[in-house]
């Protein structure tokens, strides 16, 4: 049956501006789908995605589960005879979907270009500066304890400022991510088609498999190739991921020790912790791993050949924010240890700003890809694509 196509040329222009500028070079030779080591034989990508992008078929791309399965390893770009860089187009399309997948969509708009940085930074910067200013009336701008120590909690108190605000931010971002995943999942289901569900496993067992293979072991990174460049990408991601795990454990232990310690004083954890305290040692190990993973991934991205793989604003935004979180946290600790109060408090203030940015904007950032991709992988496994 004949079917009319209504190209959305504005969408094509936005896609090109977001990092898919080379998509019009594609002449549909299908080399990309043949070259992709993880593309399924029964529904290969990214050839069909390149067709839809070139024709401006926005609805097709928005409902395409395969868009989220690409590892962006660059094999397709390396072998493309026209330099069309399909993986970049796939990444650009995902970035555009992040922008409008969840509300408030204005944050997605800010996240799409450097023009939004003043707003993204300004909101938490003004908020935490207001907290600092209010507290300064009673404690001063850079207070010390009676015994002369620098304690950040004298300004940014955990009980009624840090803990409740960051818990609200984190769980609020999780709720927004959940709604985004449900919207994405609903879009994957073809209208009028009945899909065969894999009844050998419940959905949560598919989720366990995906988390193990894709996140914990990074096994699929190896499937995309074993050359030095791809190995550095895998190692950098693993260092970064496990540093986040370690720092999350440290945060949970400290928060638990603080709040539960109010009821059971014997397990109470006071901050700042001594450098040789086991939890503090673990925190510093996590920080060093974070710096190591960031360094590997940053050097790799700098060395990318723009002929085969480009870097978008969102790529650099995520790396930049994590660098800011790591450096401000480490330097705030260093200035506290050498007993220099003004830079120690200022860097800790910036640390809070950047940590808040990392979590509050997660549903619209490339970090949200971890959640959306996981949902897409569970979907394809549930419906028999493996």
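Numbering (my numbering), first residue to last: -5 to 380.
Glycine included, each C-beta is placed from N, C-alpha and C at the ideal position.
It should be emphasised that the depicted structure is a prediction, and the values quoted were computed from it without experimental measurement.
Residue i versus the options, residue with shortest Cα-Cα distance
i, options, result
"residue 228", "107, 281, 207 and 257", "207"
"residue 31", "101, 155, 4 and 71", "71"
"residue 123", "340, 264 and 310", "340"
"residue 251", "152, 280 and 309", "152"
"residue 192", "375, 7 and 5", "375"
"residue 106", "178, 312 and 175", "312"
"residue 279", "268, 257 and 241", "241"
"residue 181", "134, 36 and 58", "58"
"residue 318", "4, 348 and 254", "348"
"residue 156", "176, 371, 171 and 121", "121"
"residue 238", "226, 209 and 214", "209"
"residue 306", "326, 359, 353 and 256", "359"
"residue 344", "115, 96 and 198", "115"
"residue 327", "244, 266, 253 and 34", "266"
"residue 62", "119, 372, 367 and 249", "367"
"residue 132", "248, 17, 148 and 175", "148"
"residue 233", "253, 211 and 248", "211"
"residue 160", "249, 289 and 262", "249"
"residue 274", "291, 254, 243 and 194", "243"
"residue 377", "183, 78 and 292", "183"
For residue j and residue i, the rounded distance between their alpha carbons
i, j, result
"residue 104", "residue 196", "39 angstroms"
"residue 365", "residue 173", "12 angstroms"
"residue 320", "residue 39", "37 angstroms"
"residue 19", "residue 357", "32 angstroms"
"residue 294", "residue 287", "11 angstroms"
"residue 101", "residue 140", "43 angstroms"
"residue 49", "residue 330", "57 angstroms"
"residue 246", "residue 60", "36 angstroms"
"residue 362", "residue 142", "43 angstroms"
"residue 76", "residue 41", "13 angstroms"
"residue 158", "residue 323", "20 angstroms"
"residue 53", "residue 264", "54 angstroms"
"residue 56", "residue 346", "35 angstroms"
"residue 201", "residue 369", "8 angstroms"
"residue 162", "residue 22", "48 angstroms"
"residue 308", "residue 314", "10 angstroms"
"residue 258", "residue 86", "51 angstroms"
"residue 134", "residue 285", "33 angstroms"
"residue 351", "residue 146", "20 angstroms"
"residue 177", "residue 164", "20 angstroms"
"residue 269", "residue 5", "53 angstroms"
"residue 171", "residue 354", "11 angstroms"
"residue 179", "residue 150", "40 angstroms"
"residue 7", "residue 99", "19 angstroms"
"residue 37", "residue 96", "28 angstroms"
"residue 167", "residue 271", "32 angstroms"
"residue 144", "residue 138", "5 angstroms"
"residue 297", "residue 51", "33 angstroms"
"residue 199", "residue 129", "49 angstroms"
"residue 94", "residue 169", "16 angstroms"
"residue 310", "residue 16", "20 angstroms"
"residue 381", "residue 277", "No information on residue 381 is available, as it lies outside the stretch -5 to 380 that the chain covers here."
"residue 316", "residue 73", "32 angstroms"
Start and end residues, alpha helix (DSSP H) containing residue i
i, result
"residue 39", "Neither: residue 39 is in no alpha helix (DSSP H) and is coded neither H nor E."
"residue 322", "307 to 331"
"residue 112", "111 to 133"
"residue 168", "157 to 182"
"residue 297", "272 to 297"
"residue 208", "Segment: none, residue 208 is in no alpha helix (DSSP H) and carries neither H nor E."
"residue 341", "335 to 354"
"residue 108", "Taken as a continuous stretch (DSSP letters only), residue 108 belongs to no alpha helix (DSSP H), as it is neither H nor E."
"residue 267", "First-last for residue 267: undefined, no H or E at that position."
"residue 372", "363 to 376"
"residue 145", "No alpha helix (DSSP H) contains residue 145, which DSSP labels as neither H nor E."
"residue 5", "3 to 9"
Interface flag, residue i vs chain B, CB-CB below 8 angstroms
i, result
"residue 360", "The question asks about chain B, but that chain is absent: this structure has only one protein chain."
Next item on the list: Could you tell me whether the segment 328 to 336 touches the segment 14 to 30, where touching means 3 or more Cβ pairs closer than 8 angstroms?
Entry: no
Check: Counting pairs of Cβ atoms below 8 angstroms between the segment 81 to 88 and the segment 54 to 72, do you hit three or more?
Finding: yes
Margin query: In chain order, what are the residue ranges of uninterrupted beta strand (DSSP E) at least 3 long that sit wholly in the segment 23 to 102?
Written below: none
Margin query: Does the contact criterion of 3 or more C-beta pairs under 8 angstroms hold for the segment 36 to 47 versus the segment 98 to 114?
Written below: no
Next item on the list: Report yes or no: do the segment 89 to 96 and the segment 5 to 12 share at least 3 C-beta pairs separated by less than 8 angstroms?
Entry: yes
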